[in-house]
Structures are given as structure tokens and as C-alpha cells.
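Asker: I have a structure I would like to understand better, so I am pasting it below and will then ask my questions one at a time.
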Amino acid sequence: MRVAVRLTPRAGRNAVTGRAEDADGAPLLKVAVTAVPERGAANTALIALLAKSWRLPKTGLAVVSGATDRNKVIEIAGGDAALAARLEDWAGSLDTDVR
Numbered sequence: 116m117r118v119a120v121r122l123t124p125r126a127g128r129n130a131v132t133g134r135a136e137d138a139d140g141a142p143l144l145k146v147a148v149t150a151v152p153e154r155g156a157a158n159t160a161l162i163a164l165l166a167k168s169w170r171l172p173k174t175g176l177a178v179v180s181g182a183t184d185r186n187k188v189i190e191i192a193g194g195d196a197a198l199a200a201r202l203e204d205w206a207g208s209l210d211t212d213v214r
């Protein structure tokens with residue numbers, strides 16, 4: 116399973132700030148981290164934040180595209196239909212409860 120992310124490094128706090136669409140209308144997740152975008156620090160912070168938010172092991176998440184870009188694709192290892200449904204419910208809660 117893959118999730119598109121728009122990352123904002125050097126933010127005031129680590130948080131998933133909402134959902135949006137890219138220029139083509141594809142959905143993506145907006146995330147902010149306090150880490151700087153140097154030597155993979157922001158990517159490491161992103162993986163840690165998503166793993167904690169989604170209650171998944173950090174080893175199950177990987178940046179597969181956009182390692183040096185703000186737009187990234189995160190792959191979730193072992194993603195199945197139950198996980199997809201759980202993440203969709205979690206993403207739906209972003210409309211009322213930004214984490």
C-alpha cells in the first residue's frame with residue numbers, strides 16, 4: 116500500500132496537518148515535522164510520526180519516492196484491506212481532529 120505525502124520540514128511541531136490534492140487531483144496527506152531536510156532527518160521524522168499515528172512499526176514504512184523532495188510516496192509493508200480501511204477511517208478523522 117502506498118500513501119502520497121506533502122512534507123513541510125522545519126515546522127513548529129510534528130503533526131499530520133490534513134488532507135489535500137496534488138495538481139492532478141490525486142489525494143495526499145499533509146505532514147509537518149520539526150526536523151531539517153538534511154541527511155534524511157526530515158524523512159526519519161516523517162516515518163516516526165506516521166508510524167506512531169498509524170500504530171505501525173517504523174520498519175514497516177519506507178520512503179519509496181521523493182527522498183529529497185517535499186512530495187513523497189510512503190510504502191506500507193504488508194498493507195491489506197483491513198489496514199486500508201483503518202487508515203481511511205483515520206484520514207476521515209482529520210477533517211474534525213487534526214493530529
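All residue numbers for the sequence shown refer to the numbering used here, where the first residue is 116 and numbers rise by one.
For glycine and all other residues, C-beta sits at the position ideal for the given N, C-alpha and C.
1. Just to check my reading of the structure: Leu122 and Leu161 have Cβ atoms closer than 8 Å, yes? What is that Cβ distance to the nearest angstrom?
2. Tell me the rounded alpha-carbon separation between Ile191 and Leu165.
3. Taking three-plus beta-carbon pairs below 8 Å as touching, is the segment 170-177 in contact with the segment 135-149?
4. Let's see if you can read the secondary structure: which residues bound the beta strand (DSSP E) around Gly181?
5. Between which residues of its own chain and Thr211 is the CB-CB distance below 6 Å, once the five residues before and five after are set aside?
6. Between which residues of its own chain and Thr159 is the CB-CB distance below 8 Å, once the five residues before and five after are set aside?
Answerer: Once the coordinates are examined:
1. That pair is a contact at about 6 Å.
2. For Ile191 and Leu165, the distance between alpha carbons rounds to 10 Å.
3. The segment 170-177 is not in contact with the segment 135-149.
4. Per DSSP, Gly181 belongs to no beta strand (DSSP E) and is neither H nor E.
5. With a pLDDT of only 46 at Thr211, under the threshold of 50, the placement of this residue in the model should not be trusted; the figure read from the coordinates follows. Nothing listed; no residue qualifies.
6. So the list reads Ala150, once near-sequence residues are dropped.
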